[in-house]
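Chains A and B, in that order, give the protein sequences. For the first sequence, UniProt numbering assigns the number 1 to the initial residue and increments by one for each residue that follows. For the second sequence, UniProt numbering assigns the number 1 to the initial residue and increments by one for each residue that follows. Idealized CB from N, CA, C, for every residue including glycine. Accompanying notes for the structure given below.
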Amino acid sequence: RREGRRREKRGEANEKAAMSMYGKEQFRCRFISTNPKSLLTALLLLSLLQGFTSSWEDSIWFDYKGVPLKWYIPTGVLFDLLCAESERPWNLTVTFLSYISASLASFGYPSNVLIPCEGEDSAKWNFVNSLKEAAYIINGNCKNVMNMSQSDQEDLWTSVMNGDLDAYTRLLPKLKMGNIEDEFSRKESLSSPVSRQGGGTEIDVAGQVKTARIPVRLYVRSVSQNFENLEDVPEIDTWDEISYMNRPVEFLKEKGKCFTLRDAMESLLPEYSGDRAQTSGEEEADGSQETRGEIKLVRIQGIELKLEIPFSWVVNNLMNPEFYLHISVLVIGPQR
Amino acid sequence: MDSAGEVLNDGKITLEGFTVAARAFADKWKRHNLSFPSWSWVPLINRTLLKKEECYLSLEKIIILSSLEGSAEEESLGVTADWWEKEESIDHTVLVQNVEDEAHYYDYHIVYSASYMVPMLYFRGYSSDGKPLSLDVIKRDLPSSSVSLLLESKWTFITQEEHPYLNRPWFKLHPCGTEEWIKLLSESSSSDGCQMPVELYLVSWFSVVGQVVGLRTPLEMLI
C-alpha cells in the first residue's frame, strides 16, 4: 500500500518522512509520499499506524518539536511551515493515550489548540466542506457538490484517501467543477460557457473571461529580521506565529499580460508588495521611512516556487484534490 | 449613500457592504435590545496581514442556564455576568440556586466570509472554569427545533472549525444556501422589487440565523 502511493508527475518533489514513535513502543516507520495531488494529512498518517492502535477511541496526536500538528492541514503544508530548512527525514513525535479520561489535559493533549479528530469521518467531512467552499468560489454556488450522488461522493473521498489518482481522475467529471482557463492547457473559455454561471466568474461583452476566483489557503510566517540561510530562521513555538488566510485570489486576465504568482501574492498580501514606495504613507518624525516587508519564500507542498511563474501553471498543477491551493509563505515583517 | 453594488442581486454581500451592515446592526441592536448586552466591533489592526476594514462583530459571555428540569428554551436567560451584578432588584436567593446548576457561557462572532460572500456565525460554549463545551453539551442548550434539524439534515450544518482569526477551535453555522434565503427575504419584503438596503442586510440575516442558536431579534430592528 505504501508503494502504491508513488506517482510520477511533472514538477513534483519526493518527500520522505520517517516517524520515530515514543511511548509504549519505539520503532521507525518510513513511507514515501508524492506531491502535489496527495491530500496526506496527519490523520491519514494515522491510518498507517492502524496496526498499533486497537481503535479510533485511542487519543493520538503528532507533534514536531512540541508544536502539535493540526490534522486538517495537509502534511506538505505542515512541513513547509514548521521546517524552514527542509528536514529529511522529518522527525515527528506521536503520542498515544489508551485511556479516555476527563483529564486528558493532564496528559498534555492540546485541546485548546487542536480540534479533536473523531476518526476517518472527520477527515471526510473536512474534505467535503472544503470542496463545497471551493465550488462556491469557482462557480458561485456548490450545486455541483450537492448534486453528486452519495456513492460518487464516497468513491471520490476513497480515491483521495487511498491516493488513487486513476480513480480520482475518473470521478472528476462527475463533480462538474467547471474549467479554469489555462494558457498552458489551451482550454478556451468560449468552448465551455455552461460552467461560467453565478458570481464565480465574470464575462465581459466580448464573451471572454476577464476574472476567475481561485480558492487559496495562505499560511504566513513572519520573521522580524532578514536572514541569509534558511537554517538561520528560528523554529516556531506555537501556532500563534502563523497567520492563516482563507481568501480567494482574483485571477485577472489581461491580453498580453501574464498574471504571475507574484501578482497573486501581492493581491493577498499588499503590505509586502514590491512596487510600493511606502506602506502607509506615514513617515517617522525624523524623516526616515519604514522599510517594506518582503516575501522571502513561497512554497506549495514542499516545492519552492519562483514568483515569476505564471499563476495559471500553479493553479493547474499544484492544486489539491479539494480544489484548494495551499500556499506557505515566509516573510520579513515591515521594520518599524 | 448609494448602496447599490454592496448587496448583490443573488443575496451575497461585499466586504464593504458587510462593514456598513454590521455597524447598522450593532447600532439597532443597542437601541432596541436594551435588556441585552451589545455587540462590539472588533477591528484587526494588530494583524499586519489584513486590511483595516476586516473586522468582526462580537457578543461574548452570554450565560445560558440549563437547569436539570425543563427545556433549555424556557429556562435560559441571555445575560452577562456584569449585567447580573448591576441588577440589585433580583432576588439573590433565587439566583444562587440557579447558579448551582451548570452555567454555560457563550461567545458569538459574526465574521465575513470572502469565499461565500455572506456573513457567518461562529460560536463557542464554555463552563465557568473556561473549559470548552462539546457539541453534545451545546446541543442541549440549543432550541429543540435546531436539534431536530441537525438530526434530519443530510449535510452537517454545525461544523467545528478553526476560528479564521483566533487560531482556536470554534463552532460555525455552515453558510451554504445563505444567499438563497436572503434573496427570498428581500423579494418578499419589498413590493416594488427594490433591493434590500445594505443597512438591513445583517439584521435580516440575523433574524433567521440567531434563532438557530436561540438568540431572538426584536421586531423593531427590522424596520
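**Request:** Using 10 angstroms around the beta-carbon of T238 of chain A, count the other beta-carbons present and answer buried if the total reaches 16, otherwise exposed.
**Result:** exposed
**Item:** Per-residue burial, T169 of chain A [other beta carbons within 10 Å of its own, 16 or more giving buried]
**Value:** exposed
**Request:** Please check if any C-beta of chain B sits within less than 7 Å of the C-beta of I137 of chain A.
**Result:** yes
**Item:** Euclidean distance between Cα positions of E322 of chain A and S35 of chain B
**Value:** 45 Å
**Request:** Classify V249 of chain A as buried or exposed, calling it buried when 16 or more other Cβ atoms lie within 10 Å of its own Cβ.
**Result:** buried
**Asked** Among the residues of its own chain, which have a CB less than 8 Å from the CB of L171 of chain A, if the five just before and after it don't count?
**Response** D152, D155, L156, S159
**Request:** With a 10 Å radius around its C-beta and 16 neighbouring C-beta atoms as the bar for buried, classify I223 of chain B as buried or exposed.
**Result:** exposed
**Asked** In its own chain, which residues sit with a C-beta less than 6 Å from the C-beta of E85 of chain B, not counting the 5 before and 5 after it?
**Response** Note on E85 of chain B: pLDDT 45, under 50, position unreliable in the model; no value is reported.
**Asked** Would the beta-carbon of Y324 of chain A fall within 7 Å of that of A134 of chain A?
**Response** yes
**Asked** Do we get a CB-CB distance below 7 Å when we pair R247 of chain A with the residues of chain B?
**Response** yes
**Asked** What is the DSSP secondary structure of I236 of chain A, reduced to helix, strand or coil?
**Response** coil
**Message:** Would the stretch 326-333 of chain A count as touching the stretch 76-83 of chain A if we require 3 or more Cβ pairs under 8 Å?
**Reply:** yes
**Request:** Tell me, please, which residues DSSP counts as bridged to Y108 of chain B.
**Result:** B:L59, B:F123
**Asked** Taking all protein chains shown into account, do 16 or more other C-beta atoms lie within 10 angstroms of the C-beta of residue 225 of chain B, making it buried, or fewer, making it exposed?
**Response** The structure shown does not extend to residue 225 of chain B, since chain B is modelled only from 1 through 223, so no value can be given for it.
**Request:** Check the Cβ-Cβ distances between N167 of chain B and every residue of chain A, and say whether any is below 7 Å.
**Result:** yes
**DSSP state of Q160 of chain B mapped onto helix, strand, coil** = strand
**Asked** How many Å lie between N144 of chain A and N317 of chain A at the Cα?
**Response** 22 Å
**Item:** Local conformation of L81 of chain A per DSSP, three classes
**Value:** helix
**Asked** Which residues in the same chain as L173 of chain B place their Cβ atom closer than 7 Å to its Cβ, once the five residues preceding and following it in sequence are excluded?
**Response** M120, L121, F157, I158, V209, V212
**Asked** What are the partner residues of R299 of chain A, as DSSP defines its beta bridges?
**Response** A:E304, A:S328
**Request:** Report all residues from its chain with a CB closer than 8 Å to the CB of R23 of chain B; omit the five preceding and five following residues, and keep chain order.
**Result:** W41
**Prompt:** Around the Cβ of S144 of chain B, are there at least 16 other Cβ atoms within 10 angstroms (buried) or fewer (exposed)?
**Reply:** exposed
**Request:** Determine the chain B residues that contact G132 of chain A at a beta-carbon separation under 8 Å, and present them in chain order.
**Result:** The sequence given here has Lys at residue 132 of chain A, not Gly. Residues of chain B passing the Cβ test: C176.
**Message:** Restricting to Cα atoms, I'd like to know which of A:I73, A:V216, A:F127, A:S130 is closest to V315 of chain A.
**Reply:** A:V216
**Request:** Identify the contact partners of P215 of chain A in chain B, using a Cβ-Cβ distance below 9 Å as the criterion.
**Result:** S115
**Item:** Assigned exposure category for L151 of chain B - 16 Cβ within 10 Å defines buried
**Value:** exposed
**Asked** In three-state DSSP terms, what is T211 of chain A?
**Response** strand
**Item:** Contact with chain B by T279 of chain A, beta-carbon distance below 7 Å
**Value:** In this prediction, T279 of chain A has a pLDDT of 39, which is less than 50 and means its spatial position is unreliable; what the coordinates show is noted afterwards. It does not: the Cβ of T279 of chain A has no partner Cβ on chain B nearer than 7 Å.
**Request:** Check the Cβ of D240 of chain A against every Cβ in chain B and list those closer than 7 Å, keeping chain order.
**Result:** N167
**Item:** Counted within 10 angstroms of its Cβ, other Cβ atoms place P173 of chain A as buried (16 or more) or exposed
**Value:** exposed
**Prompt:** Out of B:L65, B:P37, B:I63, which has the shortest C-alpha to C-alpha gap to L57 of chain B?
**Reply:** B:P37
**Request:** Mind checking which residues open and close the alpha helix (DSSP H) that includes V208 of chain B?
**Result:** 198-212
**Asked** DSSP puts I64 of chain B in a beta bridge; with which residues?
**Response** B:H104
**Request:** Indicate, with yes or no, if the ligand FAD has a heavy atom lying under 6 Å from the CB of V160 of chain A.
**Result:** Because no ligand of any kind appears in the structure shown, any question about the ligand FAD cannot be addressed here.
**Request:** Tell me, please, which residues DSSP counts as bridged to E222 of chain A.
**Result:** One point to set straight first is that residue 222 of chain A is Ser, not Glu, in the sequence displayed. Paired residues: A:V331.
**Of the residues A:I242, A:R247, A:M265, the one placed nearest E294 of chain A, counting alpha carbons only** = A:M265
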